[in-house]
Amino acid sequence: MPKLPVEIEATDHIEARQIEAIYQRGERHQVLEDEVTEAVWSKGWTPVGKPIFIGLSNGAPVLYRFEVPVETSIGG
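Residue numbering for the sequence shown is 293 to 368, as defined by the numbering used here.
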């Protein structure tokens, strides 16, 4: 199943590290995942699974990096 990469800008480095720690514990951050899912819908894709946290970018600003499974079939 194809996955669409999505990057969301973090407020700051401290928040980014805290959220990264949440995912490292195997937990989820629902507010952030809702934002990621909305970004997928706004790009015209249909998400078919939960966002997968990939990590943080190394640049400035810090970005949360996700992949989201999307539907690729065309209805007829």
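Where a beta carbon is used, it is the ideal one built from N, C-alpha and C, also for glycine. The model shown is predicted, which means the values in this text are computed figures rather than measured ones.
Beta-carbon proximity of residue i to residue j, cut-off 8 Å
| i | j | result |
| --- | --- | --- |
| LEU278 | ILE306 | The shown model of the chain, from 293 to 368, leaves out residue 278, and the question about it has no answer. |
| VAL360 | VAL332 | yes |
| PRO343 | THR364 | no |
According to DSSP, residues forming a beta bridge with residue i
| i | result |
| --- | --- |
| GLY351 | DSSP lists no partner for GLY351. |
| LYS295 | PRO361 |
| ILE300 | TYR356 |
Residue burial classification, residue i (beta-carbon count within 10 angstroms, cutoff 16)
| i | result |
| --- | --- |
| PRO294 | exposed |
| VAL340 | exposed |
| GLU301 | exposed |
| PRO297 | exposed |
Range covered by the alpha helix (DSSP H) that runs through residue i
| i | result |
| --- | --- |
| ALA308 | 305-316 |
| VAL323 | 322-334 |
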